[in-house]
Amino acid sequence: MMNSEATAAPPCSVRNADPNTAPTQLPVLPLVPLTLPHLPASRAEMDARGWDYVDVVFVTGDAYVDHPAFAMGILGRVLEAAGFRVAILSQPDWRSADPWRQFGRPRLFFGVSAGNMDSMINHYTANKKVRNDDAYSPGGKIGLRPDRASIPYSHRAREAFPGVPIIAGGVEASLRRLAHYDYWSDTVKKSIVLDAKADLVVYGMGEHQIVEIARRLAAGETVKDLRDMRGVAYAMGASETPPEAALRLPTYEEVKTDKKKFALATRTIHHETNPLNAKTLVQYHDRQAVVCNPPPLPISQEDMDRVYGLSYTRRPHPMYKGAKIPAYEVVKDSVTIMRGCFGGCTFCSITAHQGRIIQSRSKESILTELRQMGRDPKFSGVVSDVGGPTANMYEMRCTKPEVEAKCKRLSCVHPTVCKLLGTDHGPLIEVMRESRQVPGIDKVFVASGIRMDLAQKSLEYLEELARHHVGGHLKVAPEHTDPNVLKLMKKPNSADYDGFAEAFQAASARAGKKQFLVPYYIASHPGSDLNAMIDLALFLKRNGYKPDQVQDFIPAPFDIATCMYYTGLDPFSGEEVYVAQHLRDRKLQRALLQYFRPENYFEVRKALMAAGRQDLIGSGCDALIPAQPPRQALDARRRQANATSEGDHYHSIANPAKGEPAGERGLPNQGYRPERKSARRQDKKRKGKKAGGR
């Protein structure tokens with residue numbers, strides 16, 4: 040039976056006549072801890088529970104994992120604990136609406152999410168090539184979700200049961216809630232609210248919104264009544280009038296055709312992300328307005344404890360029969376202690392999705408989860424990570440609430456650490472120390488990113504980290520060495536990395552350990568040209584770093600750096616920014632990060648010649664490559680040439696005389712030039728115009 044609270048007036052509802060007015064405190068979620076198996080993921084499992092209906096069907100592009108590191112795990116359990124019947128539709132075949140019908144008509148709504156990642160970043164590399172695996176699918180198998188998955192998932196839900204509200208959410212919907220640049224199509228796209236035809240888009244983490252939506256719909260309200268909620272975006276009819284107090288953005292048509300207007304919209308959107316003072320935003324698409332209400336308020340520590348204290352199985356659904364889900368394998372023995380990030384890095388989506396205000400669990404909540412892990416007979420005894428988006432921001436917040444309520448600053452740590460920011464590592468040190476004393480816990484690692492400028496403010500934290508929580512290598516992210524690029528990234532200058540490296544090595548030596556930093560760098564970020572990358576390569580050589588993995592900048596929707604990439608402008612200063620837009624230029628920058636690999640020899644040489652840095656070719660102290668290509672470089676080039684000759688240039692043409700469709704085999708309804716809309720060489724309209732002009 041459903042909890043009776045599910046149909047009562049929603050006690051946790053944050054309802055305001057004006058969504059710009061922030062309540063002083065977010066009411067707590069009255070969740071009831073339950074001990075149940077996985078939520079139903081098939082009609083048979085639904086029937087086994089004796090259910091003749093479900094309230095919510097949660098559609099996700101990820102494999103179903105009942106773990107608090109996965110969105111469907113948290114949101115499904117939160118709804119269940121609030122008294123609702125929830126079914127999980129994981130990675131359905133989107134070519135038909137039949138999978139959406141298997142649970143019957145949901146009583147309240149379809150919840151739609153592409154998964155823990157934007158589906159396009161999940162599918163494609165920075166060079167727009169299809170990835171070899173999908174970390175969120177069983178066995179790493181690709182092809183189990185469509186491109187821009189939120190859109191076809193929503194369309195199939197509408198097709199299956201017209202009239203059932205569709206609530207889209209997750210990272211993909213959050214980052215595409217307004218007009219946005221799409222890297223993979225190289226176009227500015229409309230708000231996903233319109234393309235998905237969703238009734239609401241919930242942005243942010245969503246626990247409060249999804250329970251409030253369920254309760255209010257169960258109480259008889261319509262989906263239009265939900266427009267007063269925080270953290271939602273919706274489309275208005277052409278005859279409807281948007282809220283008077285809303286801030287109007289440049290229209291979709293303007294940002295699509297005018298890059299300065301796109302930069303203006305980006306600046307405005309990011310200045311309205313502090314939930315304590317943000318305004319409602321309105322953006323017209325032709326005659327239709329898309330309204331984006333202010334962000335949700337940060338979740339309280341009590342609510343964080345309730346959410347993470349629910350009875351997760353911490354395992355994938357049994358339907359996968361032991362097939363490993365790579366993303367789960369990475370986080371299965373990790374513990375999330377906080378969310379949010381006040382770093383404001385321009386290439387990162389965490390702040391846009393989780394918020395700038397840090398939200399932390401209590402120490403007792405964290406230790407309770409560790410005790411449960413320690414009692415699990417399948418647990419190895421090693422906690423892979425105790426952290427969050429940034430490991431050492433736990434319980435850090437502005438020390439002046441009255442200032443925080445008015446602040447529009449995008450980063451609390453750039454260009455310098457704000458003097459009002461509380462940087463005490465004491466609460467985190469307590470968690471680290473007590474976590475090591477939990478029965479069944481042999482080792483606790485910190486694998487989340489470390490904010491190096493903050494870490495240097497606490498020698499005690501560095502000592503604790505180096506002595507007990509690093510397994511020989513610590514990942515850090517200086518990202519670049521060029522001052523201008525670091526400024527555009529909102530990252531500290533390179534001297535900060537040098538200071539941290541020295542302090543960490545000293546702390547490791549005092550602990551009697553030889554430990555190393557593993558720095559991460561980005562190629563092709565806006566502002567980074569060949570000269571900047573060559574300087575970074577020289578830095579790597581002089582310091583003996585040979586990175587195994589490098590990151591190519593990917594312009595994710597909504598990010599400030601994506602605006603720079605698309606417009607060539609810094610949206611805040613208005614200054615022009617160099618952008619490596621062509622794939623050949625990006626390839627050179629990536630090769631420079633791994634200049635030491637023989638297979639990169641010819642690309643590195645090309646980059647050095649283009650930059651006029653022949654002095655770095657040869658046997659000099661700073662030389663990046665030798666004057667003559669090594670044998671491995673020649674072999675690699677030969678292999679690449681052979682692979683090319685065996686592949687793309689060869690076309691197998693069909694034989695219409697044998698009944699085969701005209702064109703290239705394997706590409707139905709396409710001619711030899713697949714970019715053509717028609718297989719014909721010339722359409723009739725154009726042919727007629729040509730004939731008439733003779």
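For the sequence shown, the positions run 40 to 733 when our numbering is used.
Heads up, the beta-carbon is just placed ideally off N, CA and C, and yes, glycines get one too.
Under the three-state DSSP convention, the category residue i falls into
i: HIS324; result: strand
i: ARG712; result: The predicted model places ARG712 with a pLDDT of 38, which falls under 50 and marks its position as unreliable, so this point remains unresolved.
i: ALA680; result: helix
i: CYS602; result: helix
i: GLN554; result: coil
i: ASP591; result: strand
i: HIS508; result: coil
i: LYS360; result: coil
i: ILE338; result: coil
i: LYS417; result: coil
i: LEU286; result: strand
i: PRO177; result: helix
i: ALA110; result: helix
i: TYR163; result: strand
i: VAL117; result: helix
i: GLU614; result: coil
i: PRO365; result: helix
i: TYR559; result: strand
i: LEU303; result: helix
i: ILE656; result: strand
i: LEU315; result: coil
i: LEU493; result: helix
i: LEU406; result: helix
i: LEU349; result: coil
i: LEU663; result: coil
i: LEU577; result: helix
Residue environment, residue i, which counts as buried when at least 16 other CB atoms sit within 10 Å
i: TYR92; result: exposed
i: GLN653; result: exposed
i: LEU409; result: buried
i: VAL485; result: buried
i: ARG144; result: exposed
i: GLU246; result: buried
i: HIS621; result: exposed
i: LEU288; result: buried
i: ALA516; result: buried
i: LEU498; result: exposed
i: ASP172; result: exposed
i: HIS512; result: exposed
i: ASN166; result: exposed
i: GLU27; result: Outside the shown range of the chain, which is 40 to 733, sits residue 27, and nothing can be said about it.
i: ASN582; result: exposed
i: GLY659; result: exposed
i: ARG737; result: Given a span of 40 to 733 for the chain in the structure shown, any question on residue 737 remains unanswerable.
i: ALA61; result: Caution is warranted here: a pLDDT of 41 is assigned to ALA61, below 50, making its placement in the model unreliable, and the coordinate value is therefore given only provisionally. So ALA61 counts as buried.
i: PRO177; result: buried
Counterpart residues of residue i in DSSP-defined beta bridges
i: SER399; result: MET377
i: PRO355; result: VAL104
i: THR736; result: Nothing about residue 736 can be read from this structure; the chain reaches only from 40 to 733.
i: CYS331; result: ALA272, LEU320
i: VAL169; result: TYR163
i: LYS482; result: VAL421
i: LYS514; result: VAL557
i: VAL241; result: VAL271
Would the region 145-159 count as touching the region 98-109 if we require 3 or more Cβ pairs under 8 Å? yes
So, do the region 360-375 and the region 275-288 have three or more beta carbon pairs nearer to each other than 8 Å? no
Given 8 Å as the limit, is there contact between the region 336-344 and the region 319-327, that is, 3 or more CB pairs closer than that? no
Take every Cβ of the region 199-206, pair it with every Cβ of the region 238-257, and state whether three or more of those distances are shorter than 8 Å. yes
Could you name each continuous beta strand (DSSP E) segment of 3 residues or more that falls completely within the region 195-227, going from the start of the chain to the end? 205-208, 219-221
Entirely within the region 420-475 and at least 3 residues each: give me those beta strand (DSSP E) ranges in chain order. 424-426
Would you be able to state if there are at least three C-beta pairs under 8 Å between the region 369-381 and the region 415-433? yes
Can we say the region 251-261 touches the region 212-225, given the rule of at least three CB pairs closer than 8 Å? no
At a cut of 8 Å, does the region 351-358 reach the region 295-314 through at least three beta carbon pairs? no
Any 3 or more C-beta pairs closer than 8 Å across the region 534-545 and the region 609-620: no
Is there contact here, the region 133-147 with the region 192-203, by at least three beta-carbon pairs under 8 Å? yes
When you compare the region 471-487 with the region 413-420, are there three or more beta-carbon pairs, one atom per stretch, that lie closer than 8 Å? yes
Does the contact criterion of 3 or more C-beta pairs under 8 Å hold for the region 632-649 versus the region 586-599? yes
Given 8 Å, three or more beta-carbon pairs between the region 593-604 and the region 562-574: yes
Determine contact between the region 384-402 and the region 430-449, defined as no fewer than three beta-carbon pairs at a distance below 8 Å. yes
Per the contact definition of three or more C-beta pairs closer than 8 Å, is the region 498-510 in contact with the region 437-445? no
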